[in-house]
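The next block holds one structure in the form of structure tokens; read it before the comments.
Number of protein chains: 4
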Amino acid sequence: MATLTVDKAPPALLSSLNGGERTVVRVGSVEIGAGDPVVIAGPCSVESYEQLSATAEAVKAAGARILRGGAYKPRTSPYDFQGLGLEALEILSQVREETGLPVVSEVLSTDDIELVAEHVDMLQVGARNMQNFALLRRLGQVRKPVLLKRNPAATVKEWLLAAEYVLAGGNGQVVLCERGIRSYDPELRNTLDLAGMALARQLSHLPVIADPSHGTGRRDLIPAMSRAALAAGADGLIIEVHPDPAKALSDGMQSLNFPAFSRLMETMQTVGRR
Amino acid sequence: MATLTVDKAPPALLSSLNGGERTVVRVGSVEIGAGDPVVIAGPCSVESYEQLSATAEAVKAAGARILRGGAYKPRTSPYDFQGLGLEALEILSQVREETGLPVVSEVLSTDDIELVAEHVDMLQVGARNMQNFALLRRLGQVRKPVLLKRNPAATVKEWLLAAEYVLAGGNGQVVLCERGIRSYDPELRNTLDLAGMALARQLSHLPVIADPSHGTGRRDLIPAMSRAALAAGADGLIIEVHPDPAKALSDGMQSLNFPAFSRLMETMQTVGRR
Amino acid sequence: MATLTVDKAPPALLSSLNGGERTVVRVGSVEIGAGDPVVIAGPCSVESYEQLSATAEAVKAAGARILRGGAYKPRTSPYDFQGLGLEALEILSQVREETGLPVVSEVLSTDDIELVAEHVDMLQVGARNMQNFALLRRLGQVRKPVLLKRNPAATVKEWLLAAEYVLAGGNGQVVLCERGIRSYDPELRNTLDLAGMALARQLSHLPVIADPSHGTGRRDLIPAMSRAALAAGADGLIIEVHPDPAKALSDGMQSLNFPAFSRLMETMQTVGRR
Amino acid sequence: MATLTVDKAPPALLSSLNGGERTVVRVGSVEIGAGDPVVIAGPCSVESYEQLSATAEAVKAAGARILRGGAYKPRTSPYDFQGLGLEALEILSQVREETGLPVVSEVLSTDDIELVAEHVDMLQVGARNMQNFALLRRLGQVRKPVLLKRNPAATVKEWLLAAEYVLAGGNGQVVLCERGIRSYDPELRNTLDLAGMALARQLSHLPVIADPSHGTGRRDLIPAMSRAALAAGADGLIIEVHPDPAKALSDGMQSLNFPAFSRLMETMQTVGRR
């Protein structure tokens, strides 16, 4: 592994290489970082039992191993749909039971941690909260794995040091997620920084996944960037899938429908890794 | 005022022009947005009673009208100095009483709001928390003014909509603070976006101030950018001052000592505005 | 002056401080860098004798001291209007004679230098050509001053070293022009980097001006940013003015009409500098 | 193929889909865009016959099919090594003859086109000259293929429209090269924008290759990003190789030595594409 220049104290936990081993994160019965790439899929927001259930069955059939679905949504405007909250968590629990897929959902606040942790298998920290240090510290004391998204203006070093807040608190089960940095190009929502992702993986012992949905904001680029992320060494992917993207309450432009997701999963079989 | 393109619901409170009036924010007895620019000054972190007291006396004598000082510090690394916490709040209270200067300090978490609000006159939301929506919502219910810093990757629209979370909660006393966007130039810590600041002021009825200390990261550029911000219409400035910047526990490179701050305050007298 | 870190050989001419003196650049009878800020104004493109002549009279009456006007236009698309070429140069010559205003126009290629230099008083290198080293070298051998625009992705160091190519060739009459760096905010065409401008002025002995028209892309922000640039120490401004901006063949959104330019010139009288 | 929003005239040649066919570019006997990815390799600068000859033999043995080598080097500072010029061109010619590898080298100026075109098989336009329209127009009249690098602040649309200048001049043999956009992260020289590369390929009929050497600036990331580029659909790669990178006159940090290049070529065999 390469070395990272840190100005003051060294990030002991990240750089200690975990005794020379890469960390494997366990989400329910699924292992991220154990060699085989793991695909997480599902809708941006949980909208109804029917929507989530149908999506879960479809992505499971196509090979996804973890279900995603937002209950509490961080939205730029307070007037946009903010998620179904507790109702969504209950739907997630039910669909988890019915399909056997472990689930991941975002937590926006220290107040929600306990409730979300009761219903899901992995707690996501969104890009806007990457340096919400109060939230990160509290997640250091939780017994559930954490999915830490990179902020769109964060350096790789800042991202790793954000993870360090969780590790320093005692929770070593952290997966890093590259989801695109701020882009100046109006044709792209973000710039998926796969070199930054590869560097983060090289500098730490944590698993790293990519989010080509937010990373590009364009449905038509998801297959190319999914393949690229795996070829660059990603331990997994997180992809937005919706029964009818045109009617999605959020992020429809970057969601795949069921047939497109199935085709994507097939083409990824041919990507050799490392 | 110009118009802002918003995708879905209109930002009712910001765009309603407050009945055609610009908002004046009251911090103790000081008014921000009433015409005369207000300078907020003080150390990045409260380090001791002696440090804060000496700084407060010096900046007051030079013309500053509000004192700043960090009690809870958001730091990139968990191993860096994190602020004195409650002890710092008590020092801020004491110095406020002795000097008559109202004080502003950052709040990192919903858990701290009550305690910080007891000790200070204005609650700062840092750049990393600009889209910490749980924090913003809670601040909507507080009876203290809020200083909302712009995130270094936020558009002007995203910044205004973050303010909207506070306003929508019922607290209309919000001051916006431009503190620099992410820069690719290693000679500068950030790029102070004065056009973005002027646009935010134009698109809303809220007062807007500039932070040339974080905005440049270089002591030698603070005078030029302070003058420029006022000439561009800023309602005020927030500037880091320390008795001995070389020994500061944080942000020493961008802090002024007392004589440099005095000189700066004098040169700003000649900047005509609007 | 501050110091600039250069990896290999030092930029001798820039850092030698010109024997401790700041350079004054003479454009016809006008001095840039001699203390009094100089305003350059005119249309993006020369469209006709009538358009240029009317604009020249108007900007002169309002206090501008140099006329700008594009003959060869660098356009993103080969299918856009590319400028009137030689015809525009002849119009510039004629209007220069009639008004007594010296003129500046862009040179796109080493092939055009001789012809453009015959007709104008100052040769502009556009932002896209900031590192067109063949062009810069050739301009080092010309006996006309050069206006060197900063590339929207250039660091201050790269910009100064581009100027160094001209100086090293023997032409010390270079004015630097900050015109905005690439922005991710769709509300702004570029981010006018006034701290970068102030830093360039601090690190070199060359005059530095600002271009608030390209720097913001919005007519409504030009007054605030013109005032800010002067307050930050700019030696001048370059501003796009057109008789009827709505009908301009290029850059209409960021051009002022005559009355708006007159008002701007008046408000700038109140900006104290340094 | 997707659609690109262009404000005024449509980029007729790019969007016409070439009669529904993707363009194949012929460099000597090598075809780029015909299906099999093509690797271009060699030193940043031609330093001597021995250096180039040894490198050419090594990269050919490893599977590279085109040789790169700089004769005229665009350097940020005029005091840095500027390339061997004509001497380098003659070395390139000689090594081309001895190895049978076609060669590509950069052209910095319209003045050099004829001379460079006599000695090499493909003319490279560097990132700094992407919008040097005089150069692009002249290359439209040359009977050699052009390798057009993306400027580090260019949108995909601006990049395609720069290619359009060459095509509109009558030369349809253009290969696009993504080489990284400006990064704010000090750990990376640039951000290799593979989604931008994939989008450029989707919006045009031209072949597109990636430059992981400049795109990351770090030797240790070249393998991951080479694999990723191919998985994202790149028609080829251009990679810097030097007999002894620590002694290279330019870009040593991002050059591979011979064994590292051989290993890279082997691992790329396993990357499935499309």
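Residue numbers (our numbering), protein chains in the order written: chain C, 42 to 315; chain H, 42 to 315; chain B, 42 to 315; chain F, 42 to 315. The C-beta atom is built at its ideal place from N, Cα and C for all residues, glycine as well.
{"Check": "Could you tell me which of C:Ala-265, C:Tyr-225, C:Met-171, C:Val-148 sits nearest to Arg-304 (chain C), measuring between CA atoms?", "Outcome": "C:Ala-265"}
{"Check": "By the 8 Å beta-carbon criterion, what residues does the segment 266-297 of chain H contribute toward chain B?", "Outcome": "Met-266, Arg-268, Ala-269, Ala-270, Leu-271, Ala-272, Ala-273, Gly-274"}
{"Check": "Determine, using beta carbons only, whether Arg-223 (chain C) comes closer than 9 Å to chain B.", "Outcome": "yes"}
{"Check": "Residues in the same chain with beta-carbon distance under 6 Å from Ser-134 (chain H), minus the five sequence neighbours each way, listed in chain order, please.", "Outcome": "His-160"}
{"Check": "What whole-angstrom Cβ distance do Ala-97 (chain F) and Val-136 (chain F) have, given they're in contact under 8 Å?", "Outcome": "5 Å"}
{"Check": "Measure the Cβ-Cβ separation of Gly-111 (chain H) and Gly-124 (chain H) and say whether it is below 9 Å.", "Outcome": "yes"}
{"Check": "So Pro-193 (chain H) contacts chain C; which residues on that side make the cut at Cβ distance below 8 Å?", "Outcome": "Ala-194"}
{"Check": "Could you tell me the alpha carbon to alpha carbon distance between Gly-293 (chain B) and Pro-284 (chain B), rounded to whole angstroms?", "Outcome": "10 Å"}
{"Check": "Given that Thr-151 (chain H) touches chain C, what residues does it touch there, using C-beta distances under 9 Å?", "Outcome": "Ser-150, Thr-151, Asp-152, Ala-175"}
{"Check": "For a contact meaning CB atoms closer than 8 Å, what does Leu-235 (chain F) contact in chain C?", "Outcome": "Leu-233, Leu-235, Ala-265, Met-266, Ala-269"}
{"Check": "For Pro-227 (chain B), would you say it is in contact with chain C, using Cβ-to-Cβ distances shorter than 9 Å as the test?", "Outcome": "yes"}
{"Check": "Could you give the distance in angstroms between the alpha-carbon of Ser-267 (chain B) and the alpha-carbon of Asn-173 (chain C)?", "Outcome": "37 Å"}
{"Check": "Excluding sequence positions up to five away, which residues of its chain have a Cβ less than 8 Å from the Cβ of Asn-298 (chain C)?", "Outcome": "Val-282, His-283, Pro-284, Asp-285, Pro-286"}
{"Check": "With 9 Å set as the bound, which would you pick, yes or no: does the beta-carbon of Val-312 (chain H) sit closer than that to a beta-carbon of chain B?", "Outcome": "yes"}
{"Check": "Using the beta-carbon count (16 or more within 10 Å), is Thr-311 (chain C) buried or exposed?", "Outcome": "exposed"}
{"Check": "Ordered along the chain, which non-local residues of its own chain (more than five positions away) have a Cβ less than 6 Å from that of Leu-290 (chain H)?", "Outcome": "Ser-86, Glu-88, Phe-122"}
{"Check": "Quick check on Gln-295 (chain B): does DSSP put it in helix, strand or coil?", "Outcome": "helix"}
{"Check": "Confirm, please, whether the CB-CB distance from Leu-229 (chain F) to Val-197 (chain C) is below 9 Å.", "Outcome": "yes"}
{"Check": "Please state if the CB of Ser-245 (chain C) and the CB of Ala-204 (chain C) are separated by a distance shorter than 9 Å.", "Outcome": "yes"}
{"Check": "Kindly identify the DSSP beta-bridge partner or partners of Met-163 (chain C).", "Outcome": "C:Val-145"}
{"Check": "So, using beta-carbon positions, are Asp-319 (chain C) and Pro-78 (chain C) closer together than 9 Å?", "Outcome": "Nothing about residue 319 (chain C) can be read from this structure; chain C reaches only from 42 to 315."}
{"Check": "Just to confirm, are Ile-280 (chain F) and Asp-252 (chain F) a CB contact at a threshold of 9 Å?", "Outcome": "yes"}
{"Check": "Given that Gln-243 (chain C) touches chain F, what residues does it touch there, using C-beta distances under 9 Å?", "Outcome": "Asp-261, Leu-262, Ala-265"}
{"Check": "Would His-93 (chain F) and Leu-127 (chain F) qualify as a contact pair, given that the criterion is a beta-carbon distance under 9 Å?", "Outcome": "Note on identity: in this sequence residue 93 (chain F) is Leu, with His being the wrong assignment. No, Cβ-Cβ distance for Leu-93 (chain F) and Leu-127 (chain F) is not below 9 Å."}
{"Check": "So what's Thr-117 (chain H) in DSSP terms, helix, strand or just coil?", "Outcome": "coil"}
{"Check": "Taking only the alpha-carbon atoms, compute the straight-line gap between Ala-103 (chain B) and Ile-73 (chain F) and give it to the nearest angstrom.", "Outcome": "58 Å"}
{"Check": "Alpha carbon to alpha carbon, how far is Glu-199 (chain H) from Leu-176 (chain H)?", "Outcome": "16 Å"}
{"Check": "DSSP puts Arg-223 (chain B) in a beta bridge; with which residues?", "Outcome": "B:Asn-231"}
{"Check": "Any C-beta of chain C sitting closer than 9 Å to the C-beta of Leu-247 (chain F)?", "Outcome": "no"}
{"Check": "Residues of chain B with CB under 8 Å from Ser-86 (chain F), in chain order?", "Outcome": "What Ser-86 (chain F) touches in chain B: nothing, since even the nearest Cβ is about 14 Å away."}
{"Check": "Within the 9 Å Cβ cut-off, does Asp-48 (chain B) reach chain C?", "Outcome": "Unreliable placement is indicated for Asp-48 (chain B), whose pLDDT of 44 sits below 50; no coordinate value is reported for it."}
{"Check": "Alpha helix (DSSP H) containing Leu-93 (chain B): first to last residue?", "Outcome": "90-103"}
{"Check": "Is there at least one Cβ from chain H nearer than 9 Å to Asn-212 (chain C)'s Cβ?", "Outcome": "no"}
{"Check": "So which of H:Ala-82, H:Tyr-113, H:Gly-76, H:Arg-220 has the shortest CA-CA distance to Ile-154 (chain H)?", "Outcome": "H:Tyr-113"}
{"Check": "Assign Lys-288 (chain B) to one of two classes, buried (16 or more other C-beta atoms within 10 Å of its C-beta) or exposed (fewer than that).", "Outcome": "exposed"}
{"Check": "Please report the straight-line C-alpha distance between Val-47 (chain C) and Ser-224 (chain B), rounded to a whole angstrom.", "Outcome": "Unreliable placement is indicated for Val-47 (chain C), whose pLDDT of 44 sits below 50; the coordinate value is still reported in the next sentence. Using only the alpha carbons, I get a separation of about 29 Å."}
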